[in-house]
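For what it's worth, our numbering labels the leading residue of the sequence shown as 39, then goes sequentially.
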Amino acid sequence: MSMWRSLSPGEIDLAVPGKQCVQVRLGREAELMLPIVIVHNGYGPTILVAGGTHGDEFEGQITVANFCRGIEPENVHGTLVLLPLHNVLACKAGTRLTPGDGSDLNRLYGRPGGDGPAHAIARFVETVLLADVDWVIDLHSGGSAHEFVLSSNLQARLNSAEFETMRDPLLAFDAPYAIVFDEVSAAGDMPHTGTLEGHARALGKKAISSELGGAGRVTPASLGVAEHGLRSLLSHIGVVPWAGATRPDQSRSQLLFLGRPEHYVRNSLAGRFAPTVALGDKVRKGMHLGSIAPLDDPLAPPEPIISPTDGIAVAIARHGLQQAGAGVIYLADTQDRVVRRKEPATKDGRS
Numbered sequence: 039m040s041m042w043r044s045l046s047p048g049e050i051d052l053a054v055p056g057k058q059c060v061q062v063r064l065g066r067e068a069e070l071m072l073p074i075v076i077v078h079n080g081y082g083p084t085i086l087v088a089g090g091t092h093g094d095e096f097e098g099q100i101t102v103a104n105f106c107r108g109i110e111p112e113n114v115h116g117t118l119v120l121l122p123l124h125n126v127l128a129c130k131a132g133t134r135l136t137p138g139d140g141s142d143l144n145r146l147y148g149r150p151g152g153d154g155p156a157h158a159i160a161r162f163v164e165t166v167l168l169a170d171v172d173w174v175i176d177l178h179s180g181g182s183a184h185e186f187v188l189s190s191n192l193q194a195r196l197n198s199a200e201f202e203t204m205r206d207p208l209l210a211f212d213a214p215y216a217i218v219f220d221e222v223s224a225a226g227d228m229p230h231t232g233t234l235e236g237h238a239r240a241l242g243k244k245a246i247s248s249e250l251g252g253a254g255r256v257t258p259a260s261l262g263v264a265e266h267g268l269r270s271l272l273s274h275i276g277v278v279p280w281a282g283a284t285r286p287d288q289s290r291s292q293l294l295f296l297g298r299p300e301h302y303v304r305n306s307l308a309g310r311f312a313p314t315v316a317l318g319d320k321v322r323k324g325m326h327l328g329s330i331a332p333l334d335d336p337l338a339p340p341e342p343i344i345s346p347t348d349g350i351a352v353a354i355a356r357h358g359l360q361q362a363g364a365g366v367i368y369l370a371d372t373q374d375r376v377v378r379r380k381e382p383a384t385k386d387g388r389s
């Protein structure tokens, strides 16, 4: 007997005690049914956890689905809203974009109107779920286009009030890396507008995301970090206590910053991409990062890709064939992992 119940958006109630397994009807077509697991028990924060915001990113889908199966109400203090297949049609197709409208779901949040299944999903999450949520955890990886280091991610400015508030949750995820990223107007790569994480922040919610590998596949390492990270972060927040959780001061995460235009290394021409660095490698300004071989002339010498800055390689393009201007390697600055809070000022203004 199926555990799933079919409900309309107006019938969703996050405050029903126990565990609800719901297929939400979001369109006239029967195939647009969004699966949600809601677990409510007692008092505590309300956490929205999403996997599969992009359908070709599999770590989040598997991790959230595994968590849905195992979680029981008696282990929860508050409310969990679990979206294992956030972009359900894209997840079923294994694609970044949503079949039926070709939209990127993670560019639609906070943008009014629009037709098609991705717009319907974003509208439902915005209008029905986000109002009552305190936290958003959106599990991403590099998808088919890139492979990333295994990292928790926070959108904030280093040493800002938001960073001070969110640093401990970022480290509690306990991935090998913890990446703080910020606006990059000159490059325009990250953070993109219209994201679930960005819209949640605009609404005053706390939000954490991740980049957990990618390259269109799952590895034991990426899945292990995803599953430990989710459980450890939920325990840190206080909604699902777990004896195996990592305290922020025990975290193995190396803190990185991704937010300068030169962090996004692009190739200048279309061709065959051959990197000479691996994920996690330390690089120096002027170092050879790889090359692009022109498409039309196999005798033409490859064009070198030179690092514009010092840093650590945190993402590398997966495909050997790249278009001109593609972001083929992302670099990040290293930071002191233990960033101390500023001491309060004394009466005479000295800190």
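For each residue, glycine too, the CB sits at the ideal point set by N, CA and C.
As the structure is a prediction and not an experimental result, all values here were calculated from the model.
- Rounded to the nearest whole angstrom, the C-alpha separation of I354 and L196 is 24 Å.
- Counting C-beta atoms within 10 angstroms of its own C-beta, P339 has fewer than 16 neighbours from the protein chains shown and is therefore classed as exposed.
- Within a 10 Å sphere around the beta-carbon of Q292 sit 16 or more other beta-carbons, which makes this residue buried.
- Put simply, of Y302, G309 and L294 the residue whose alpha carbon is nearest the alpha carbon of P336 is G309.
- With distances taken between CA atoms, L359 lies nearest to H184 out of D212, L45 and H184.
- By a beta-carbon distance limit of 8 Å, I85 does not contact L64. Their separation comes to about 22 Å.
- Of the candidates S182, K320 and A169, K320 places its Cα closest to the Cα of L369.
- The C-beta distance from G154 to H124 rounds to 15 Å, too long to fall under 8 Å, and the pair is not in contact.
- Just so you know, the alpha carbons of D212 and D334 end up roughly 46 Å apart.
- At the C-beta level, A351 and V315 come within 8 Å of one another.
- L127 has its alpha-carbon roughly 7 Å from the corresponding atom of L70.
- Distance check between K57 and each of N113, Q193, G151 and D206 places N113 closest, using alpha-carbon atoms only.
- Of A103, G48, F201 and I343, the smallest CA-CA separation from P332 is found for I343.
- Rounded to the nearest whole angstrom, the CA to CA distance from P83 to L209 is 19 Å.
- Linking V256 to S189 through their CA atoms gives a straight-line distance of about 15 Å.
- Assignment of N113 by DSSP, reduced to helix, strand and coil, places it in the helix class.
- Per DSSP, D176 lies in no alpha helix (DSSP H); the unbroken beta strand (DSSP E) holding it starts and ends at W173 to L177.
- With respect to D206, P286 sits close: the two C-beta atoms are nearer than 8 Å.
- Straight-line spacing of the CA atoms in F96 and D348 works out to 31 Å.
- Taking the Cα positions, A160 is about 15 Å away from R134.
- The Cβ-Cβ distance between V303 and L272 does not fall below 8 Å.
- DSSP, read as helix, strand or coil, puts Q288 in helix.
- One Cα belongs to E235, the other to G254, and the distance between them is close to 22 Å.
- Using a Cβ distance threshold of 8 Å, I175 and V87 count as a contacting pair.
- Take the alpha-carbon of L192 and the one of M204: they are about 8 Å apart.
- If only uninterrupted beta strand (DSSP E) runs of at least 3 residues are considered, those enclosed by the stretch 203-274 are 215-219 and 244-252.
- With a cutoff of 8 Å on beta-carbon distance, G318 and V187 are scored as near each other.
- L307 and A362 do touch by the CB rule: their CB atoms are close to 5 Å apart, below 8 Å.
- For the pair G181 and H92, the CB atoms are nearer than the 8 Å cut-off.
- Annotation: the continuous alpha helix (DSSP H) that includes G108 extends over F96 to G108.
- In the assembly as shown, Q99 is a buried residue. Its beta-carbon has 16 or more other beta-carbons within 10 Å.
- By the Cβ neighbour-count rule, P122 is buried, with 16 or more other Cβ atoms within 10 Å of its own.
- Assignment of R356 by DSSP, reduced to helix, strand and coil, places it in the coil class.
- It is roughly 28 Å from the alpha-carbon of R149 to the alpha-carbon of A53.
- Straight through space, the alpha carbons of H157 and D142 are spaced by roughly 9 Å.
- Around A131, the same chain offers G93 and P137 as residues with beta carbons nearer than 8 Å, after the five sequence neighbours per side are excluded.
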